[in-house]
Every structure is written in C-alpha cells, then in structure tokens.
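Engineer: So that you can map any letter, position 59 of the sequence shown is 82 in our numbering, and since no number is skipped, the others follow by simple counting. By construction, the Cβ of each residue, glycine as well, lies at the ideal position given by its N, Cα and C atoms.
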Amino acid sequence: MAAPPVFAFSIYPEKNPHLQIQECCRSLVLTDAQLHHMMIALERSMEEGLAKETAAKAAVKMLPSYVRAVPNGRESGDFLALDLGGTNFRVLLIRLKGREAEMIGKIFRVPESVMRGSGEALFDHIADCMAKFMVEQGVNNAEKLPLGFTFSFPCKQEGLTCAKLINWTKGFNASGVEGADVVTMLREACKRRDVGFPGNFLSSWEFSEISNG
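1. Drop a sphere of 10 angstroms on the beta-carbon of Ala82, count the other beta-carbons inside from all chains shown, and report buried for 16 or more, exposed for fewer.
2. Report the residue from Leu145, Cys178, Val200 and Val93 whose alpha carbon sits nearest the alpha carbon of Cys213.
3. List the whole-angstrom C-beta distance separating Ser141 from Gly199, where the pair is believed to meet the contact cut-off of C-beta under 8 Å.
4. Would you mind reading off the limits of the alpha helix (DSSP H) that contains Thr207?
5. In three-state DSSP terms, what is Leu115?
6. Under the three-state reduction of DSSP, which class applies to Phe220: helix, strand or coil?
7. For Tyr89 versus Leu188, is the C-beta spacing smaller than 7 Å?
8. Assign Leu105 to one of three DSSP states: helix, strand, or coil.
9. Just checking, does the segment 194-208 make contact with the segment 121-139 on the three C-beta pairs under 8 Å criterion?
10. Please state whether the Cβ-Cβ distance between Ala104 and Gly171 is less than 7 Å.
11. Excluding five sequence neighbours on each side, which residues of the same chain lie with their C-beta closer than 7 Å to the C-beta of Leu73?
12. Please list, in chain order, all residues of the same chain as Met61 whose beta carbon is under 8 Å from its beta carbon, the five residues on each side excluded.
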C-alpha cells in the first residue's frame, strides 16, 4: 500500500528573509533616548559604587584593581592565564614577542556539581585542569611563569595577589569561598595536586576587558 502524501503548509506568507530578520531584531535596536537613559543610569550606579554611604549596596562595584601600568608592546616571554567566569574554565599559555603574541589554550567544563559543591572541590578541579594542560603542552617550569587569573566575580581586591570573593553570581554557589582569598585557595589546591604554582597576580574580568580596549 502506497504511503499517503505529505503536505507542508506555512502559516506565514512568503517574505524576504532579510526583512524577517530585521523584524525579529527590531525590538533589540535601541533609540538615542534609550541609550542616553542607560548612560545616565550607569553613571549613577558608578557614583553609588564610589560613594562610601552607598558602596555596599551598589549594583556596580567600583573596586580598585591595583594595576598601575598597562602593556607597552615590549613585553616578551611565556605567561600562563586562567579564566573562570561561567560553566567553562579556560587555561592559556601565552608567548609574547613584543607586539606579537602566540596563544595556546584549552577550555574545560565546570560541572554543576562542582559549581555548587565545596570551594575546595572547585579549586581542586581548577588545579587538575591546569595540570592536564601543562602536561599536554610540555610546560615543566610553571612555578617560574607569571600567571594572570581572571576571576569574573565580585571581589574585594586588596592587592595584586589578594582578592576576597564578595558573593557568587552566574549560578556558582561553592561553599566556603565567599569572604575568602581566592588566590590563597588556588595556591592551596595546587599544593594538594602537586601543581607548580607560578608567581601570580589576579585580575578582574572588568579590568581585563577595559585594558584590552
């Protein structure tokens, strides 16, 4: 017995696909007035973050970075970089030759059980990922390499190598981290996993983005 015919119907009249895309995106296009309103709101939030009376409750945390200089294009050598800010964790080996840079990186997944487990388990996971990456790339002198740690969560930074987590965001809720120095926790995890810990500094995501333009 022959199969019955199949008919496909469209409830939409035929349209130019470019026009359809424009219609779908129209609500995402902001007017000058809306942009001006956002600018004023952001400026107000920044002022609240700077004011002593409102800083604690401000939506925008105006925290010092303790970074006193930006790259000048004459840097050279090998550097390690870590980036934690979501469900993925990234490790990078960066080779600088003046204004030229070679980057080799790998992305590791952060399971939800780790995101919401203990802080010790989270930083052990980070150290394990670092160890795997170093073995794959043949990095044998990690303890001698400068390290940049982009920890994309609100922190009270007290120096280049000290930052205490204010509160978790982005679905993270690892216990025992809020109020603790995340650089110290990373250093201790590296010791537990026998990972050479580089001489390091910590950077926030916001400063990294601003310094990159």
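Structural biologist: On the basis of the supplied data:
1. Flag for Ala82 reads exposed.
2. For the residues Leu145, Cys178, Val200 and Val93, the minimum Cα distance to Cys213 belongs to Leu145.
3. Confirmed, about 6 Å.
4. Its alpha helix (DSSP H) spans residues Val205 to Arg215.
5. For Leu115, the three-state secondary structure derived from DSSP is strand.
6. Three-state DSSP puts Phe220 in coil, outside helix and strand.
7. Remark: C-beta atoms of Tyr89 and Leu188 do not approach each other more closely than 7 Å.
8. Residue state, collapsed to three classes: strand.
9. Yes, since at least three Cβ pairs between the segment 194-208 and the segment 121-139 fall closer than 8 Å, the two stretches touch.
10. The answer is yes: Cβ separation under 7 Å.
11. So the qualifying residues of the chain are Met85.
12. Leu53.
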